[in-house]
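J.:
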Amino acid sequence: MKRVIKRNGSETAYEPQKIRNAVQKAFAEVNQEYTEDLGNRIVRSVESQFRMRNSASVEEIQNAVEKSLMKEGCYDAAKAYILYREKRTAARNARLSLTAMMQDPNLYALLEKMEKDLPSCDLSRLAAKFQSMNKEALSPDSRMELLIRSAEELTTKEEPEWEKAAGRLLAYQFHKNLRQEEKKLGIRSFYEKLVWLTKEGYYGSYILEHYSEEEIGKLEQMMDDGRDDLFAWAGLDLLLSRYVIHTHSHIPMESPQELYMGVAMHLGMNEKENRLEIVKRFYDMMSLHKVTMATPTLANARKPYHQLSSCFIDTVPDSLDGIYASISNFAEVSKFGGGMGMYLGKVRARGGSIRGFEGAAGGVIRWIRVINDTAVAVDQLGMRQGAAAVYLDAWHMDLPEFLQLRTNNGDDRMKAHDLFPAVCYPDLFWKMAKENLNQNWYLMDPHEILMKKGYALEDCYGREWEEKYLDCVRDSNIRKRTVKLKEIVRLILRSAVETGTPFAFFRDAVNEANPNKHAGMIYCSNLCTEIAQNMSETELVSETLKNEDGDPVIVTVRKPGSYVVCNLASLCLGNINIDDPEELNSVTADAVRALDNVIDLNFYPVAAAELTNHRYRSIGLGVSGYHHLLAKHQVKWESEEHLKFADKVFEDIAYAAIKASSDLAEERGSYSLFSGSEWESGEYFHRRHYDSERWQKLAEQVREHGMRNAYVMAAAPTSSTSILVSTTAGLDPIMNRFYLEEKKGAILPRVAPDLSPATWWFYKNAHSIDQTWSVRAAAVRQRHIDQAQSFNLWITNEYKMSELLNLYILADELGVKTIYYVRSRSLDPAECESCSA
């Protein structure tokens with residue numbers, strides 16, 4: 000027997016190993032020992048039944064296997080084999096039934112592959128589910144959408160693979176429709192696709208200017224549509240709706256793999272050597288779901304307006320011109336999809352003087368209202384309104400009103416519900432809160448201090464700040480607003496419970512750990528609290544009237560400050576083998592290289608941002624899938640093992656990221672302010688107790704070759720990009736192992752990644768976790784992150800306000816740099832009335 004006749008009539012070569020595999024599975028099913036000798040006897044027995052024939056059908060061969068098992072006395076295995084055949088027959092009938100109902104014979108091959116890759120998905124159940132909702136009048140596309148929805152609705156915590164099955168069906172439908180559109184336009188290759196996209200204005204012309212037709216042909220061969228199988232439905236649906244390029248008529252014209260390759264081509268287009276190899280590495284890290292680029296990068300790379308950065312931070316000056324210039328810059332950033340952090344700690348308080356007129360200043364709240372209105376007005380072509388976090392120091396005189404910007408009590412004319420307030424705390428604040436909440440806390444006007452004391456209190460930190468603060472407290476010439484510390488804490492906690500804000504910025508911890516303190520000061524963070532970089536305000540130098548070709552022109556000259564912009568990407572910890580140093584180092588190096596390239600390839604909506612980004616070359620490599628990683632490694636969140644595990648993982652990531660940046664510095668040169676930094680002096684490594692041999696060697700390498708990037712690591716929230724790659728968001732624990740989400744008019748199930756009996760008990764819900772463990776874990780991670788992390792607190796109505804207060808105090812004591820949201824589940828604001836330590 001040389002040939003096998005398949006059920007569809009086609010023929011294939013006879014492979015005896017398939018018989019051995021099937022027999023071995025039957026023995027495994029009944030927990031009986033299988034030996035190679037037995038397998039060989041079964042094969043010989045089957046072959047003997049067809050020794051006079053050149054071919055046999057699949058059914059005949061399977062009947063012969065049954066007889067041979069019975070002849071060997073393997074009755075239990077024979078029964079299991081028969082049941083296996085029946086199961087296969089039922090699955091085959093389900094495939095045929097679905098193919099007939101969908102009137103699409105090409106669907107059969109996909110269903111067959113799904114059955115092999117996702118063995119827990121019983122296609123007969125899918126067929127029954129679809130049939131129960133099917134209507135004969137539906138169009139082919141509507142039938143396919145109904146089949147996808149049927150797979151989605153079969154998803155449960157016991158059978159999570161149905162969401163992957165739904166993803167496969169969605170990919171099939173998408174590619175089928177995309178091929179039809181390409182056929183209409185006569186597009187037959189990736190190169191022709193790029194020519195069309197460029198001509199129509201969807202791609203920037205720079206892609207075709209940098210790559211030849213031959214190179215694009217080679218890159219097309221590197222794309223692998225099979226990697227679409229990595230998507231679950233939720234991730235692929237998000238990618239197709241938000242990230243792939245659509246025409247003005249809302250027709251998608253880019254496949255997922257073309258998207259990843261287009262982004263990779265943009266990020267790699269200025270590489271000098273081995274360019275196509277580097278582009279492939281960028282493509283691989285994204286398409287294999289090991290790295291996610293930030294949303295602006297993924298959405299805007301390859302396009303004409305390629306604003307690739309997520310985060311911008313501005314220091315708002317204390318002048319009318321400066322304030323409006325900052326608001327104008329915010330509008331420009333918002334227009335192109337960037338989020339803002341705005342530090343208003345230099346703006347004079349309400350009742351302060353203007354040109355010597357006492358009591359003339361309106362304070363920061365009025366300006367925040369203008370910022371709020373700007374966020375609403377500049378709505379990114381109707382897609383979404385702008386977003387900004389506004390930061391104020393804990394000692395600023397306008398703090399009480401600031402803490403009520405989003406709460407439901409008080410005068411609505413003093414509200415800014417569309418902004419996110421954040422407070423910059425000195426250590427002294429929480430130290431005093433721990434000691435005695437009944438102490439006085441003094442709120443002052445930064446402008447008055449500058450005028451009367453000759454120094455800006457906000458320009459220092461640590462011991463120096465404390466000494467100057469107490470000096471101001473003692474000075475009777477400085478106007479003060481004296482409040483009980485308890486009252487301020489009560490406002491903070493009430494707002495946190497009711498609105499999730501204010502975010503917390505622990506300014507002493509941030510600035511003590513700043514590797515570039517020789518070059519500036521860090522006043523605040525960004526919209527998501529993970530960026531911590533040197534900042535300074537822009538100053539108006541002059542405004543003059545000139546004649547140019549006979550026409551009058553006004554020339555405004557400004558001295559640019561440090562306008563922070565950061566470029567983000569995340570290592571997908573749940574999809575990387577973190578136990579393999581070679582893989583971790585390689586993926587990290589590629590991500591750092593891609594982020595460094597973003598700096599030179601970016602479109603900057605604000606000129607000062609471009610200047611700052613080139614001066615510091617700051618990047619923010621973070622992570623997603625943190626809880627996913629813990630669950631896969633069966634590490635409980637509330638355990639010392641968690642802290643040890645996190646310490647090792649993040650030290651390894653830090654090592655890989657710093658080495659990657661230093662390697663780039665050797666290749667391309669250091670950032671301009673490297674000299675005098677703690678990178679150069681080695682203090683960065685000493686401060687973090689990096690004393691092992693590998694760290695000593697790396698410190699020496701950094702000293703000799705420098706660092707390409709002034710700031711390297713920042714852990715962002717990754718709420719949307721984590722959905723793309725089916726992992727958990729950022730550093731957060733999951734909210735639920737299984738939940739239902741309303742999407743497109745349907746209630747659809749969602750399941751924690753890789754949920755199984757092995758991972759079930761390691762996926763504890765966020766609101767059920769003792770937050771002390773979360774704060775301790777954040778502190779462990781913080782040692783290895785040169786910037787900050789988007790770290791949330793998750794509380795319930797069982798939390799006392801004193802317990803929430805103690806979490807802030809603990810975070811400050813352990814050196815956590817920022818706290819993002821307080822994610823409250825029905826905490827009663829009335830409890831704020833009894834706040835006590």
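Numbered according to the working numbering, the sequence shown terminates at residue 836, and the numbering increases by one at each position without gaps. Cβ coordinates follow ideal geometry from the N, Cα and C atoms, glycine included. Just so we're clear, the structure is a prediction, and the values are computed from it rather than from any experiment.
Can you tell me which of the three DSSP states residue 451 falls into?
T.: Position 452 of the sequence shown holds residue 451. Residue state, collapsed to three classes: helix.
J.: Which value, in whole angstroms, describes the spacing of the CA atoms of residue 541 and residue 727?
T.: Position 542 of the sequence shown holds residue 541. Position 728 of the sequence shown holds residue 727. Cα to Cα, the separation comes out at about 51 Å.
J.: When you compare each of 732, 737, 785 to residue 776 by their alpha carbons, which one comes out closest?
T.: For the purposes of this step, residue 776 is taken as the residue at position 777 of the sequence shown. Nearest C-alpha to residue 776: 732.
J.: Am I right that residue 431 and residue 479 are in contact with their C-beta atoms under 8 Å? What's the rounded C-beta distance?
T.: Here the question's residue 431 lines up with position 432 in the sequence shown. Here the question's residue 479 lines up with position 480 in the sequence shown. Contact flag wrong, Cβ pair sits at about 16 Å.
J.: Determine the closest residue to residue 336 out of 564, 524, 286, with distance taken between C-alpha atoms.
T.: Counted from its first residue, the sequence shown places residue 336 at position 337. The candidate whose alpha carbon is nearest that of residue 336 is 564.
J.: Using DSSP with H/G/I as helix, E/B as strand and the rest coil, what is residue 833?
T.: Here residue 833 refers to the residue found at position 834 when the sequence shown is read from its first residue. Residue placement at residue 833 cannot be trusted, given a pLDDT of 32 that sits under 50; what the coordinates show is reported in the next sentence. Reduced to three states, the DSSP call for residue 833 is helix.
J.: Tell me which residue opens and which closes the beta strand (DSSP E) that residue 422 is part of.
T.: To locate residue 422, count along the sequence shown from 1; it is residue 423. Start and end: 419-424.
J.: Since residue 649 contacts residue 783 with CB under 8 Å, what's their CB separation in whole angstroms?
T.: In the sequence shown, counting from the first residue as 1, residue 649 sits at position 650. In the sequence shown, counting from the first residue as 1, residue 783 sits at position 784. Right, the Cβ-Cβ distance comes to about 4 Å (below 8 Å), so this counts as a contact.
J.: From the DSSP output, read off the bridge partner residues of residue 607.
T.: As a first step, residue 607 must be located in the sequence shown, where it is residue number 608. Bridge partners of residue 607: none, in fact.
J.: Thinking just about the alpha-carbon of each residue, which of 639, 673, 633, 579 is nearest to the one in residue 613?
T.: Locating residue 613 in the sequence shown gives position 614, where the first residue counts as 1. Answer by Cα proximity: 673.
J.: Roughly how many angstroms separate the alpha carbons of residue 2 and residue 666, rounded to a whole number?
T.: Locating residue 2 in the sequence shown gives position 3, counting from the first residue. Locating residue 666 in the sequence shown gives position 667, counting from the first residue. Spanning the two alpha carbons is a distance of roughly 58 Å.
J.: What does residue 817 pair with, by DSSP beta-bridge criteria?
T.: Stepping through the sequence shown from its first residue, residue 817 is reached at position 818. Paired residue(s): 504.
J.: If we call anything under 8 Å between Cβ atoms a contact, is residue 146 one with residue 168?
T.: Here residue 146 refers to the residue found at position 147 of the sequence shown. Here residue 168 refers to the residue found at position 169 of the sequence shown. It is a contact, given that the beta carbons lie within the stated cut-off.
J.: Find out if the Cβ-Cβ distance for the pair residue 107, residue 124 is shorter than 8 Å.
T.: Within the sequence shown, the letter at position 108 stands for residue 107. Within the sequence shown, the letter at position 125 stands for residue 124. No, Cβ-Cβ distance for residue 107 and residue 124 is not below 8 Å.
J.: Can at least three beta-carbon pairs, one atom from the stretch 799-813 and one from the stretch 689-706, be found at a separation below 8 Å?
T.: Contact fails: fewer than three Cβ-Cβ distances are below 8 Å.
J.: Does the Cβ of residue 64 have 16 or more other Cβ atoms within 10 Å, making it buried, or fewer, making it exposed?
T.: Residue mapping note: residue 64 aligns to position 65 of the sequence shown, counting from 1. By the neighbour-count rule (16 or more Cβ atoms within 10 Å), residue 64 is buried.
J.: Rounded to whole angstroms, what is the Cα-Cα separation between residue 569 and residue 165?
T.: Position 570 of the sequence shown holds residue 569. Position 166 of the sequence shown holds residue 165. Roughly 26 Å between the two C-alpha positions.
J.: With H, G and I counted as helix, E and B as strand and the rest as coil, what does DSSP make of residue 26?
T.: Along the sequence shown, read from residue 1 onward, the residue named residue 26 stands at position 27. It is helical.
J.: Helix, strand or coil: how does DSSP classify residue 644 here?
T.: In the sequence shown, the residue the question calls residue 644 occupies position 645. Helix, per DSSP.
J.: Hey, would you say residue 297 sits closer than 8 Å to residue 242, going by beta carbons?
T.: Taking the first residue of the sequence shown as 1, we reach residue 297 at position 298. Taking the first residue of the sequence shown as 1, we reach residue 242 at position 243. It is a contact, given that the beta carbons lie within the stated cut-off.
J.: Report the three-state DSSP secondary structure of residue 394 (helix, strand or coil).
T.: Counted from its first residue, the sequence shown places residue 394 at position 395. Looking at residue 394 - three-state DSSP - the assignment turns out to be coil, as it is neither helix nor strand.
J.: Could you name the residues that DSSP lists as bridge partners for residue 314?
T.: Against the sequence shown, residue 314 aligns to sequence position 315. According to DSSP, residue 314 bridges with 342.
J.: Less than 8 Å between C-beta atoms, sequence neighbours within five positions excluded: which residues of the same chain meet that for residue 504?
T.: Along the sequence shown, one-based indexing puts residue 504 at 505. Cβ within range, chain order: 390, 421, 422, 423, 424, 523, 524, 528, 816, 817.
J.: Going by DSSP, what residues sit across from residue 792 in a beta bridge?
T.: Within the sequence shown, residue 792 is the residue found at index 793, counting from 1. In the DSSP output, where bridge partners are listed per residue, residue 792 has 821.
J.: Unbroken alpha helix (DSSP H) runs of length 4 or more, entirely within the stretch 209-285: which are they?
T.: DSSP runs (the alpha helix (DSSP H)) wholly in the stretch 209-285: 212-221, 232-237, 255-267.
J.: Once the 5 residues before and after residue 22 are set aside, which same chain residues still bring their CB inside 6 Å of it?
T.: Within the sequence shown, numbered from 1, the residue matching residue 22 stands at position 23. So the qualifying residues of the chain are 38, 41.
J.: Could you tell me the distance, in whole angstroms, from the CA atom of residue 481 to the CA atom of residue 320?
T.: As a first step, residue 481 must be located in the sequence shown, where it is residue number 482. As a first step, residue 320 must be located in the sequence shown, where it is residue number 321. Answer to the nearest angstrom: the Cα atoms are 31 Å apart.
J.: For the alpha helix (DSSP H) containing residue 622, list its first residue and its last residue.
T.: Position 623 of the sequence shown, counted from the first residue, corresponds to residue 622. Element bounds for residue 622: not the alpha helix (DSSP H) but the beta strand (DSSP E), 618-623.
J.: Determine the extent of the beta strand (DSSP E) in which residue 777 is found, giving its start and end residues.
T.: Here residue 777 refers to the residue found at position 778 of the sequence shown. Looking at the DSSP string, residue 777 is not in any beta strand (DSSP E); the run it does join, the alpha helix (DSSP H), is 770-781.
J.: May I ask you to report which of helix, strand or coil DSSP gives residue 307?
T.: Working through the sequence shown from its first residue, we reach residue 307 at position 308. Residue state, collapsed to three classes: coil.
J.: Pull up the distance between the alpha-carbon of residue 314 and that of residue 598, whole angstroms please.
T.: As a first step, residue 314 must be located in the sequence shown, where it is residue number 315. As a first step, residue 598 must be located in the sequence shown, where it is residue number 599. Distance between the alpha carbons of residue 314 and residue 598 is about 21 Å.
J.: Would you call the CB atoms of residue 463 and residue 445 closer than 8 Å?
T.: Stepping through the sequence shown from its first residue, residue 463 is reached at position 464. Stepping through the sequence shown from its first residue, residue 445 is reached at position 446. Cβ distance not < 8 Å, so residue 463 and residue 445 don't count as in contact.
J.: In chain order, what residues of the same chain lie with their CB nearer than 7 Å to the CB of residue 761, ignoring the 5 residues before and after it?
T.: One-based indexing of the sequence shown puts residue 761 at position 762. Closer than 7 Å at Cβ, skipping near neighbours: 629, 630, 633, 634, 635.
J.: Where does residue 557 sit, in a helix, a strand or coil, going by DSSP?
T.: The sequence position of residue 557 within the sequence shown is 558, counting from 1. Reduced to three states, the DSSP call for residue 557 is strand.
J.: Counting Cβ pairs closer than 8 Å, one from the stretch 580-589 and one from the stretch 683-693, do we hit at least three?
T.: Because the criterion of three Cβ pairs below 8 Å is not met, the stretch 580-589 and the stretch 683-693 do not touch.
J.: Helix or strand or just coil, what does DSSP make of residue 852?
T.: Only positions 0 to 836 of the chain appear in the structure, and residue 852 is not among them; the question remains open.
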